[in-house]
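K.L.:
Counting in the working numbering, the sequence shown runs from 570 upward without gaps. All C-beta atoms, glycine included, are put in the ideal place defined by N, C-alpha and C. The structure displayed is predicted, hence computed values, not measured ones. Below is the structure I would like to discuss, written out as structure tokens.
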Amino acid sequence: MTLLDARIPAAREWRAGMIAAETLQKNRDGSYLDTLRSYWPDSFYDGTPCNNSDEAWNKASVNLVQSVRAKTGGRFVIANGAGLGSGKAYFGNQAAADKIINVAQGIQIEQWMRNTKNADLDKRFIRPMVSRGKMVFAKCKSAMTTCRSHFIASPLTYLS
Numbered sequence: 570m571t572l573l574d575a576r577i578p579a580a581r582e583w584r585a586g587m588i589a590a591e592t593l594q595k596n597r598d599g600s601y602l603d604t605l606r607s608y609w610p611d612s613f614y615d616g617t618p619c620n621n622s623d624e625a626w627n628k629a630s631v632n633l634v635q636s637v638r639a640k641t642g643g644r645f646v647i648a649n650g651a652g653l654g655s656g657k658a659y660f661g662n663q664a665a666a667d668k669i670i671n672v673a674q675g676i677q678i679e680q681w682m683r684n685t686k687n688a689d690l691d692k693r694f695i696r697p698m699v700s701r702g703k704m705v706f707a708k709c710k711s712a713m714t715t716c717r718s719h720f721i722a723s724p725l726t727y728l729s
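Structure follows, in structure tokens:
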């Protein structure tokens, strides 16, 4: 996978402008942003930007969320990406992931219950998000009965 280098302000603003234009044109309530990064997972991509650092990529992800919100008149943003996909990923990179979560209105947990050995971490990831008023979209990666048995129902949580 090749990814636009969000550390480049002009590239980031171009992408945010395209996302905002589609969000507004289709009269959507918000935007879903994938490939945000609290850290850079080298093995996931076919190349790595020059002079890359986890901190720079994390800051660029935060700036992208903020730019999309500004360009859409404050409509919500659902964040997804490295450090947000499971409880294990989140707690392994919590400080950096929180920077993205703090500016987004919700998150997608893309690997919810992928490994039931980490079920407690996945549940522990949802609780503080709900208490912070964040929408949580949990994408079940196990049997739906398993996901439902561990899911924390709330007006802010959604399971698919």
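Grouping DSSP H, G and I as helix and E and B as strand, with all else coil, what is residue 587?
P.N.:
DSSP places residue 587 in helix when its eight states are reduced to three.
K.L.:
Quick test of the definition: if touching needs 3 or more C-beta pairs under 8 Å, does the region 651-658 touch the region 680-691?
P.N.:
Enough Cβ pairs lie closer than 8 Å, so yes.
K.L.:
Between the region 683-694 and the region 618-628, do three or more beta carbon pairs fall short of 8 Å?
P.N.:
Flag = no, the region 683-694 and the region 618-628 do not touch.
K.L.:
If you follow the alpha helix (DSSP H) that residue 773 is part of, which residue opens it and which one closes it?
P.N.:
For the chain, the structure presents residues 570 to 729; residue 773 sits outside this window and is missing.
K.L.:
Is the Cβ-Cβ distance between residue 642 and residue 602 less than 9 Å?
P.N.:
No, the Cβ-Cβ distance between residue 642 and residue 602 is not below 9 Å.
K.L.:
Per DSSP, residue 634 forms a beta bridge with which residues?
P.N.:
The partner list for residue 634 (beta bridge, DSSP) is empty, contrary to what the question assumes.
K.L.:
Ends of the alpha helix (DSSP H) at residue 718?
P.N.:
Start and end: 713-719.
K.L.:
Given a cut-off of 9 Å, decide if residue 698 and residue 705 are closer than it, judged by their beta-carbon atoms.
P.N.:
It is a contact, given that the beta carbons lie within the stated cut-off.
K.L.:
Mapping DSSP to helix, strand and coil, what is residue 663?
P.N.:
Three-state result, residue 663: helix.
K.L.:
Which value, in whole angstroms, describes the spacing of the CA atoms of residue 638 and residue 624?
P.N.:
Roughly 21 Å between the two C-alpha positions.
K.L.:
DSSP on residue 703, reduced to helix/strand/coil?
P.N.:
Looking at residue 703 - three-state DSSP - the assignment turns out to be coil, as it is neither helix nor strand.
K.L.:
Tell me the DSSP secondary structure of residue 581 in three-state form.
P.N.:
In this structure, residue 581 counts as helix in the three-state DSSP scheme.
K.L.:
If we ignore side chains and look at the alpha-carbon of each, how far apart do residue 695 and residue 646 end up?
P.N.:
Approximately 17 Å between the Cα atoms of the pair.
K.L.:
Quick check on residue 649: does DSSP put it in helix, strand or coil?
P.N.:
Residue state, collapsed to three classes: strand.
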